[in-house]
Amino acid sequence: MITRDKSFYKNFFSLMAILAIQNMIVLSVNLIDNLMIGNYSEDALAGVATVNQIQFIFQQVLMGSGDALVVMGSQYWGQSRTTPIKRLFCGGLILTLSAGIILFTLASFIPEQMVSIFTTDPEHIRYGAEYISIMRFTYLIFPISSILLSSLKSVETVKIAFFTSVISLIVNASINYTLIYGNFGFPQMGVTGAGIGTLIARIVELAIILLYVFKIDKKLTYKPRDFITFDKALLLDYFKNSVSFVVVAVLFGLSTALQTVILGHIDLTNVSGDPIAANSISSTMYMMLKVAAIGASNAAAIIIGKTVGQNKIDKVKEYSKTLQIVFLIIGVLTSITLYSIRSPILSLYGKITPETYELANNFILVLCITCIGTSYQMPVMTGVIRGGGDSAFVLKNDLVSIWGIMLPVSFIAAFVLKLHPVIIVFCLNSDQIFKCGAACVKVNRFNWIRKLTKPDTTQNEQTEQLS
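Per this note's numbering, residue 52 is the first one in the sequence shown, and the count goes up by one each step.
This is the structure we're talking about:
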């Protein structure tokens, strides 16, 4: 049954639009880096692309930790209970900062070895090591911003994420333009300049978020002590529930990074163009449009989680049926848009060879097909099913589809059959198609609806009315 609840559509599309645009702006930072570095040097672009794979895996840890907080927090928000959300934030902060410290340490002592995982080209490794020497400092800053924004999302506060992303984009683009090419009298710093731009943008971003949560926000009303106030039961509850979220996100990040590993180690004897650079260009362009599905997924998780917390099970079922149709429409529109803009965007990369241009164009055509599956299965899995409380199914599905089928098939295609990179890229994205079957069957059985909240056993727990 399709819902006729106008408030649902208004709330969903409002959340989706803000979250999608915010994600697009975040990804625009990477696109700007790609464009500016791509016009500086193709080897530099490939080197930065390898570091971005490391960054991507790290962001998956942050995303998994944040998604767990959003799903659990939104159920508490459905019950008008905000104190547990702040305690869950502490758990997320511990998890994400720990990951950031580990990555910072590795990047400080073995940068070349980290980059060499993704490529064997000495020039790529040199540029990558130079870039990560600056980027490592963001690994200590970004976790705080990320988990704070997740706690705000759980109570449907999303505009601040959009605002900080806009400021971050402006700061990053301005500094990149100044330092990469040496404009306005500054020295030409290349990839180091790109790293400095990103680092300063992250610092500004964190400052804005801290100002907002301490001085402006009226829902969670954070105080400095909330960063170090723990509830043992909620902390354990968060860690227990976040395991599957983080594992799914990290496995996805690793599988995505392995695409670069595979493309960086294939036999190039009969291949024209640079597969790593082409993949960086095509995947960055695709991610700019994939934000619609990501925004839909995040919005669905918030709404479904809140509705489960309110114990409105009939509404949960009604909303999930409606959302499936919305997701399919998003997929078709994304595919058409990606196909239409590929040539104008590719023309912006002035320093790549014609062979790399053609390779990137063919990679994009593959993504035009697989993005329809992505736009359905991803928000169904990570938005509806996981938002409803069942994160274990998503983990099992990814283990089978990605690690049991997609990666082995891609490995055989690349190193045994030695197929063309375009076919390999199709194999690397094939799971986005066959995951749809499992998603459709699972979501329509409704056995994923589970409460994750604990009963209020304290008399002094702060509550706030929904606004």
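Glycine included, each C-beta is placed from N, C-alpha and C at the ideal position. Bear in mind that the values here come from a model prediction, so they are computed numbers and not experimental data.
(Q) Could you check if threonine 101 belongs to the surroundings of the ligand SAH, using beta carbon to heavy atom distance under 6 angstroms? (A) This structure lacks the ligand SAH, and indeed carries no ligand of any kind.
Q. Does the Cβ-Cβ distance between valine 494 and valine 435 come in under 7 angstroms?
A. For the purposes of this step, residue 494 is identified with residue 443 of the sequence shown, where counting begins at 1. For the purposes of this step, residue 435 is identified with residue 384 of the sequence shown, where counting begins at 1. Going by C-beta atoms, valine 494 is nearer than 7 angstroms to valine 435.
Q: Tell me whether arginine 132 sits in a helix, a strand or coil according to DSSP, three-state version.
A: If you number the sequence shown from 1, residue 132 lands on position 81. Strand.
Q: Leaving aside the five residues before and after serine 79 along the sequence, list all residues of the same chain whose C-beta is less than 6 angstroms from its C-beta, in chain order.
A: What you label residue 79 is simply residue 28 of the sequence shown in a count that begins at 1. Cβ neighbours of serine 79 beyond the five flanking positions: Leu220.
Q) Can you check whether the CB of tyrosine 427 is closer than 7 angstroms to the CB of leucine 379? A) One-based indexing of the sequence shown puts residue 379 at position 328. One-based indexing of the sequence shown puts residue 427 at position 376. Result yes, Cβ atoms of leucine 379 and tyrosine 427 sit closer than 7 angstroms.
Q.
Can you tell me whether glutamate 207 is helix, strand or coil according to DSSP?
A. In the sequence shown, counting from the first residue as 1, residue 207 sits at position 156. Three-state DSSP puts glutamate 207 in coil, outside helix and strand.
Q: Spatial neighbours of glutamate 515 within its chain, please: CB distance less than 7 angstroms, with the 5 preceding and 5 following residues excluded, ordered by chain position.
A: Position 464 of the sequence shown, counting from 1, holds the residue named residue 515. Here glutamate 515 scores only 42 on pLDDT, less than 50, and its place in the model should not be relied on; the value that follows carries that caveat. For glutamate 515, where only same-chain residues beyond five positions count, the Cβ hits under 7 angstroms are Ser131, Thr133 and Lys270.
Q) When burial is assigned at 16 or more other CB atoms within 10 Å of the CB, is proline 506 buried or exposed? A) Counted from its first residue, the sequence shown places residue 506 at position 455. The residue in question, proline 506, is exposed, as its Cβ has fewer than 16 Cβ neighbours within 10 Å.
(Q) Please report the distance separating the alpha-carbon of isoleucine 105 from that of isoleucine 317. (A) Indexing the sequence shown from 1 puts residue 105 at position 54. Indexing the sequence shown from 1 puts residue 317 at position 266. Spanning the two alpha carbons is a distance of roughly 20 angstroms.
Q) If you run the structure through DSSP and keep just helix, strand and coil, what is leucine 503? A) Against the sequence shown, residue 503 aligns to sequence position 452. Residue state, collapsed to three classes: coil.
Q.
Using only CA atoms, which one of Glu181, Thr388, Leu199 and Ser92 lies nearest to valine 121?
A. Reading the sequence shown from its first residue, position 70 is the one you call residue 121. Answer by Cα proximity: Leu199.
Q: Could you check how far apart the C-beta atoms of proline 238 and leucine 113 are, in whole angstroms? I think they sit under 8 angstroms.
A: Locating residue 238 in the sequence shown gives position 187, counting from the first residue. Locating residue 113 in the sequence shown gives position 62, counting from the first residue. Incorrect: roughly 33 angstroms between the Cβ atoms, too far for contact.
Q) When you compare each of Ala443, Val473, Lys137 and Thr249 to leucine 286 by their alpha carbons, which one comes out closest? A) Within the sequence shown, the letter at position 235 stands for residue 286. Cα-wise, what sits closest to leucine 286 is Lys137.
Q. Taking the alpha helix (DSSP H) that serine 398 falls in, what are its first and last residues?
A. Counted from its first residue, the sequence shown places residue 398 at position 347. Premise fails: serine 398 is in no alpha helix (DSSP H) and is neither H nor E.
Q. How many angstroms separate the CA atom of isoleucine 226 from the CA atom of glutamate 256?
A. By 1-based counting over the sequence shown, the position of residue 226 is 175. By 1-based counting over the sequence shown, the position of residue 256 is 205. Each residue's Cα considered, the two are about 15 angstroms apart.
**Q.** Assigned secondary structure, isoleucine 392 (DSSP; H/G/I helix, E/B strand, else coil)
**A.** In the sequence shown, the residue the question calls residue 392 occupies position 341. Here isoleucine 392 sits in helix by DSSP.
**Q.** Option nearest aspartate 335 by Cα separation, candidates Ser92, Ala351, Val99 and Ile53
**A.** Start at 1 with the first residue of the sequence shown, and residue 335 comes out as number 284. Rather than aspartate, the amino acid found at residue 335 in this sequence is threonine. Selected option, being the one with the closest Cα: Val99.
Q. Which first and last residues belong to the alpha helix (DSSP H) in which lysine 486 is found?
A. The count along the sequence shown starts at 1 and reaches residue 486 at position 435. Looking at the DSSP string, the run of the alpha helix (DSSP H) that includes lysine 486 is 482-494.
Q) Apart from the five residues just before and just after serine 159, which ones in its own chain have a Cβ nearer than 8 angstroms to its Cβ? A) For this step, residue 159 is matched to residue 108 along the sequence shown. Contacts found: Arg187.
**Q.** Assigned secondary structure, glycine 241 (DSSP; H/G/I helix, E/B strand, else coil)
**A.** Numbered from 1 along the sequence shown, position 190 holds the residue referred to as residue 241. Note: glycine 241 maps to coil in three-state DSSP.
Q: Would you identify the three-state DSSP class for lysine 469, choosing helix, strand or coil?
A: Residue mapping note: residue 469 aligns to position 418 of the sequence shown, counting from 1. Residue state, collapsed to three classes: coil.
Q.
On the criterion of 16 or more Cβ atoms from any shown chain inside 10 Å, does serine 398 qualify as buried, or is it exposed?
A. Here the question's residue 398 lines up with position 347 in the sequence shown. Exposed is the call here.
Q.
What does the alpha-carbon distance come out to for the pair glycine 440 and phenylalanine 497?
A. The sequence position of residue 440 within the sequence shown is 389, counting from 1. The sequence position of residue 497 within the sequence shown is 446, counting from 1. Approximately 11 angstroms, taken between the alpha carbons.
Q | Coil, strand or helix - valine 322 by DSSP | A | Residue 322 sits at position 271 when you count from the first residue of the sequence shown. Here valine 322 sits in coil by DSSP.
**Q.** Pick from Ala443, Val492, Ser167 and Cys422 that is closest to valine 383, judged by C-alpha positions
**A.** As a working mapping, residue 383 is identified with position 332 in the sequence shown. If we check each option's Cα against that of valine 383, Cys422 comes out closest.
Q.
Given this structure, state the Cα-to-Cα distance separating serine 58 from valine 377, to the nearest angstrom.
A. Residue mapping note: residue 58 aligns to position 7 of the sequence shown, counting from 1. Residue mapping note: residue 377 aligns to position 326 of the sequence shown, counting from 1. About 16 angstroms.
Q) Is it true that the region 156-170 meets the region 305-315, where meeting means three or more beta-carbon pairs spaced less than 8 angstroms apart? A) yes
Q | Residues near valine 298 in its chain [Cβ-Cβ closer than 8 angstroms; skip 5 each side] | A | For this step, residue 298 is matched to residue 247 along the sequence shown. Result list for valine 298: Gly115 and Leu446, in chain order.
(Q) For isoleucine 279, which residues in the same chain have their Cβ closer than 8 angstroms to its Cβ, ignoring the five residues on either side in sequence? (A) Position 228 of the sequence shown holds residue 279. Same-chain partners within the cutoff: Cys141.
Q | Per-residue DSSP class, three states only, for glycine 440 | A | Looking up residue 440 in the sequence shown gives position 389. Here glycine 440 sits in coil by DSSP.
Q) Measuring CB to CB, does isoleucine 354 end up less than 7 angstroms from valine 209? A) Sequence index remark: in the sequence shown, residue 354 carries index 303 (1-based). Sequence index remark: in the sequence shown, residue 209 carries index 158 (1-based). Cβ atoms of isoleucine 354 and valine 209: not closer than 7 angstroms.
Q) Expressed to the nearest angstrom, what Euclidean distance is found between the alpha-carbon atoms of leucine 503 and glutamine 126? A) Here residue 503 refers to the residue found at position 452 of the sequence shown. Here residue 126 refers to the residue found at position 75 of the sequence shown. Using only the alpha carbons, I get a separation of about 7 angstroms.
Q: Measure the CB-CB distance between isoleucine 185 and arginine 253 and report whether it falls below 7 angstroms.
A: Looking up residue 185 in the sequence shown gives position 134. Looking up residue 253 in the sequence shown gives position 202. No.
Q) Taking aspartate 277 as the reference, which of Phe213, Gly360 and Leu144 has the closest Cα? A) Here residue 277 refers to the residue found at position 226 when the sequence shown is read from its first residue. Minimum Cα distance to aspartate 277 is reached at Leu144.
Q.
Using only the alpha-carbon positions, how far apart do valine 102 and alanine 119 sit?
A. The residue labelled residue 102 in the question sits at position 51 within the sequence shown. The residue labelled residue 119 in the question sits at position 68 within the sequence shown. Cα to Cα, valine 102 sits roughly 26 angstroms from alanine 119.
Q. For threonine 229, which of helix, strand or coil comes out of DSSP?
A. Here the question's residue 229 lines up with position 178 in the sequence shown. Helix.
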